[in-house]
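Below is one structure, written out as structure tokens, with a few remarks after it.
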Amino acid sequence: MKKILTAVAMVAALAISGCGDSSDTSTPAAGASSASGVSGNLTVLAAASLTESFNKIGKDFETANPNVKVTFSYGGSSGLAQQITSGAPADVFASASPATMKTVTDAGDANGEATVFVKNQLVVAVTKGNPKGIRTLADLTEPGLKVALCAEQVPCGAAARKALAAANVKVTPVTLEQDVKAALSKVKLGEVDAALVYRTDAKAATADVDGIEFPESSGAINDYPIVTLKSAPNPSAAAAFVAYVQSGPALDVLVEAGFQKP
Amino acid sequence: MSLDAHLVVTHPGFSLDVELTAAPGEVVALLGPNGAGKTTALRSLAGLAALDDGHVTLDGVRLDDEPPENRRIGVVFQDYLLFPHLTALDNVAFGPRCRRVPRRQARDTAREWLERVGLAEHVRKKPRQLSGGQAQRVALARALAAEPKLLLLDEPLAALDARTRLDTRSALRGHLTSFPGATVLVTHDPLDALMLADRLVIIEDGRIVQSGDAATITAQPRTDYVARLVGLNLYRGRADGTTVLLPDGFSLITAVPQEGAVFVAFPPSAVSLFAARPEGSPRNTWPATVTSVARHGDALRIELTGPLAVAADVTPAAAVQLELEPGREVWATVKATEATAYPA
Amino acid sequence: MPPALAIPAIAGLVFLVLPLFGLLWRAPWSTLPERLTEPGILAALRLSLLTATLATAVSLVLGVPLAWLLARTEFPGRRFVRALVTVPLVLPPVVGGVALLLVFGRRGLLGGWLDATFGVSLPFTTAGVVAAEAFVAMPFLVISVEGALRGADARYEEAASTLGATRWTAFRRVTLPLIAPGVAAGAVLCWARALGEFGATITFAGNFPGRTQTMPLAVYLALEQDLDAAIVLSLVLLVVSIGILAALRDKWVAP
Chain B
283 MKKILTAVAM VAALAISGCG DSSDTSTPAA GASSASGVSG NLTVLAAASL TESFNKIGKD
343 FETANPNVKV TFSYGGSSGL AQQITSGAPA DVFASASPAT MKTVTDAGDA NGEATVFVKN
403 QLVVAVTKGN PKGIRTLADL TEPGLKVALC AEQVPCGAAA RKALAAANVK VTPVTLEQDV
463 KAALSKVKLG EVDAALVYRT DAKAATADVD GIEFPESSGA INDYPIVTLK SAPNPSAAAA
523 FVAYVQSGPA LDVLVEAGFQ KP
Chain X
579 MSLDAHLVVT HPGFSLDVEL TAAPGEVVAL LGPNGAGKTT ALRSLAGLAA LDDGHVTLDG
639 VRLDDEPPEN RRIGVVFQDY LLFPHLTALD NVAFGPRCRR VPRRQARDTA REWLERVGLA
699 EHVRKKPRQL SGGQAQRVAL ARALAAEPKL LLLDEPLAAL DARTRLDTRS ALRGHLTSFP
759 GATVLVTHDP LDALMLADRL VIIEDGRIVQ SGDAATITAQ PRTDYVARLV GLNLYRGRAD
819 GTTVLLPDGF SLITAVPQEG AVFVAFPPSA VSLFAARPEG SPRNTWPATV TSVARHGDAL
879 RIELTGPLAV AADVTPAAAV QLELEPGREV WATVKATEAT AYPA
Chain D
3 MPPALAIPAI AGLVFLVLPL FGLLWRAPWS TLPERLTEPG ILAALRLSLL TATLATAVSL
63 VLGVPLAWLL ARTEFPGRRF VRALVTVPLV LPPVVGGVAL LLVFGRRGLL GGWLDATFGV
123 SLPFTTAGVV AAEAFVAMPF LVISVEGALR GADARYEEAA STLGATRWTA FRRVTLPLIA
183 PGVAAGAVLC WARALGEFGA TITFAGNFPG RTQTMPLAVY LALEQDLDAA IVLSLVLLVV
243 SIGILAALRD KWVAP
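Chains as they are written, first to last, in this note's numbering: chain B, 283 to 544; chain X, 579 to 922; chain D, 3 to 257.
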């Protein structure tokens, strides 16, 4: 027991010192000026589904603005929104759902209205090679077929519900997952035969799953809004980043990942 | 119900190798100083410690590969180890219950045993509510109620105060007399051994150094430990008639002639001390220096060095008269008739 | 009381209790009655209590003998096995859930065989919740019981054996009653841990109301949309568990 306590204490100590290190990035790059005139640190809170695309876009943005250092914090949109309304210092918020974005703008924490910069839509993610031969949403009602959906409380669950209603299909899922990645990993692990996930998520996992498009998904398109925050420590860089995300090169990266232009 | 055992246990830095027999109804005391291997011997008999060699045979049946629960060897532990969560009655009924005796019958047996050890009114008590003497008797009843073929007692009286010890010892003696099987008793208290046992087996450093009945051992000790135990001065030497030559050159004169390697023993009370060399002296006289003075019963026990290291008992009056204190030089004498020589 | 002890002690107490006050302060007291009667709450609470109790039962049946093995027998690698037993304590529960899937899942090491042979499939079932909770909570019981066993005098077992008791009888009639307070304390700790279990459960058993959605899962999902609902659920879980623990403590764990 004593040994365990020691181990826990060590882990805690590491975690604390880790936090200390990351806060060091607030040191401003003094004396240098960039082509676009922005500099310093930029903190972006973004929906988890943007992880791969934004990492790439962030690098490109840093290349274009060598005096800016971008730090991303990815997570569930509603969790991030809660952090912002609780006063977390950040410059930009990119959400996977207009509803969660609304909680931020309604709270007066954003600069004006948010802009939709991409859309995402649902696909049926199935085991690689589609062994169960799933073609349509209606196929998900096959008896014995295990289906995972997202819980209604999270955006992908709300979208799935809308799509299923539009197709007039009643699916009995075995589980309502807490987010889209969890639903997808149930397919990857083979625990379920199919899950309704975002096209981008299915695309990022092409090694393990196939994404099957279905027409009703257009009835449940998810908008991704982005906004600069009122409490932004670096407003000029924030505005530059939001503009960059909506520019051609950034949109190419997003489309490559499976998003659709607004 | 006779025991025939050869116990060999080897640990780093210690080895036990003793042969032990006990006839039905016989009580054998295993006596020895701390660390001699008494408890190891007892544990290996009970099957609580593994034998490295030898055997344990009870009534002609080899038991050394049997686990303790199949040996039917009862043990009264030094601190009794009564189960604290069970009443005295259920402690005693534990053995019969393990032999699949129905609960009621086991409790009846237990009640009988508790009556026999005089605890009829304490059956419902938990061990922590019992006095030391009562706990000892419950432990004995518990061991006997399991109907063992061999009974082992590990320092059965060591945890008791002097007064309780006296009462319990005589009661224990009665129970051991009526027990039909063999009994092995481990103790470092010579009085327990002499009072309770028919035969003494003395072990030192894992080996038997002497065994026999109480009279032989008290009269003719064969090691310093036994001599101290029975309160005798003991020396080893070579006899030529009535003269015994000790290794350091000193000679003792004895009454009965012997030849070859012998022990010579005499009690401290046989040693007389004088301020000056006595006239018309006894055959054994030598100068000695007092090293310590201690109370010993009604007398004073004087330890002396000199050509012969010896313990002497004198009256307090004599001690005052002789001004005995450490460093005092005196003359010591022992009559030849008091010094007993016997073959080593 | 020396200040060197009193000050950190009080600070520690405040640190532990203050978040509780945070929940009480923020609780939607005016709408509490109607929120409490929402059907989902009762189903999740019932499932939580049921699965935590079953997980504790499983932990007792498997964990007490395991603790005995660790405390009372010598075998090569015993220290290593002991360390392995505590792995679920340091493993992030979500990883524990994935690990369980890799073993008991449809394509897991044993899962396929279990399904084919006995028709037993743990993921997405209430039994799966019990398995996930037991996996995470059993080490608490094992460590507690092992400590109790090490503290108990093994010579009582020897005394029992000289009276004719087999090791099993000695364990059942002597050792177990002697370590009962340690077992009770371990069981309570295990139950409490199982009740609060989230990560392994949602990963291994998924989330479905009435079947696998325990209170912590319901709280987490409520947080996505409705902070008030999450607080109400948390308070219900807190009140019920503190009530049960207090009752048990007075009855069994107190000396």
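Beta carbons: idealized from backbone N, C-alpha and C, even for Gly.
- Spatial neighbours of Ala848(X) in its own chain (CB-CB distance under 6 Å, excluding positions within 5 residues in sequence) are listed in chain order as Val912, Glu916.
- Contact between the region 492–501 of chain B and the region 511–519 of chain B is not established, with fewer than three Cβ pairs separated by less than 8 Å.
- With a beta-carbon spacing of about 7 Å, Ala583(X) and His633(X) fall inside the 8 Å limit used to define contacts.
- Under the Cβ distance rule, Arg152(D) does not count among the residues neighbouring chain B, no pair being separated by less than 7 Å.
- By the neighbour-count definition (other C-beta atoms within 10 Å, threshold 16), Glu907(X) is an exposed residue.
- Within the region 745–768 of chain X, no residue has its Cβ closer than 9 Å to any Cβ of chain D.
- Contact annotation for Leu536(B) against chain D: no contact, minimum CB-CB distance about 24 Å [criterion: below 9 Å].
- By the neighbour-count criterion, in which a residue is buried when 16 or more other Cβ atoms sit within 10 angstroms of its Cβ, Asp826(X) is exposed.
- Bridge pairing for Pro35(D): absent [DSSP].
- About 11 Å separates the Cβ atoms of Leu772(X) and Arg747(X), ruling out a contact at the 8 Å cut-off.
- For the 7 Å CB-CB criterion, Leu851(X) and Ala890(X) form a contact.
- Contacts between Thr53(D) and chain B, judged by CB atoms closer than 9 Å, are missing: the closest CB pair is about 16 Å apart.
- Flagged as an interface residue toward chain D: Glu473(B), by a C-beta distance shorter than 7 Å.
- Assigned with DSSP and collapsed to three states, Gln712(X) falls in helix.
- Thr599(X) is bridged by DSSP to Asp582(X).
- Separation of Ser368(B) and Ala420(B) (C-alpha to C-alpha, rounded to the nearest whole angstrom) is 43 Å.
- Contact of Gln365(B) with chain D is not assigned, every C-beta pair being separated by 7 Å or more.
- Chain-order list of chain D residues neighbouring Val653(X): Glu160, Ala161, Thr164, Leu165, by C-beta distance under 9 Å.
- Note on Glu733(X): 16 or more other CB atoms within 10 angstroms of its CB, so buried under the neighbour-count rule.
- For Phe841(X), the enclosing beta strand (DSSP E) covers residues 829–844.
- For Asn337(B), the enclosing alpha helix (DSSP H) starts and ends at 333–346.
- The alpha-carbon separation between Leu446(B) and Thr418(B) amounts to approximately 11 Å.
- Gly99(D) and Lys468(B) have their C-alpha atoms some 11 Å from each other.
- Distance from the CA of Leu664(X) to the CA of Ile181(D), rounded to the nearest whole angstrom, comes to 14 Å.
- In this structure, Ala839(X) is the residue among Ala839(X), Leu807(X), Gln798(X), Thr883(X) with its C-alpha nearest to the C-alpha of Arg816(X).
- Exclusion of the five residues before and after Leu219(D) leaves Phe200, Thr203, Ile204, Asn209 as the residues of its chain whose Cβ lies within less than 7 Å of its Cβ.
- Every beta strand (DSSP E) of 3 residues or more that sits fully in the region 473–502 of chain B is shown, in chain order, as 476–480, 491–494.
- At a cut-off of 7 Å, the C-beta of Ala433(B) has a neighbouring C-beta in chain D.
- Against chain B, a Cβ distance below 7 Å from Phe126(D) picks out Val456, Thr457.
- If you draw a straight line from the Cα of Arg80(D) to the Cα of Leu71(D), it is about 9 Å long.
- What Arg175(D) touches in chain B, judged by beta-carbon distance under 9 Å, is nothing: the nearest beta carbon there is about 28 Å away.
- Residue nearest to Ala486(B) within the set Val456(B), Ser331(B), Ala532(B), Ala522(B) is Ser331(B) (criterion: CA-CA distance).
- Ranked by Cα distance from Ala189(D), the options Ala172(D), Ala69(D), Glu36(D) are led by Ala69(D).
- Under the DSSP definition of a beta bridge, Arg814(X) partners with Phe841(X).
- Under the 7 Å criterion on CB atoms, Arg80(D) is classed as non-interfacial with respect to chain X.
- The C-alpha of Gly790(X) is placed about 28 Å away from the C-alpha of Glu725(X).
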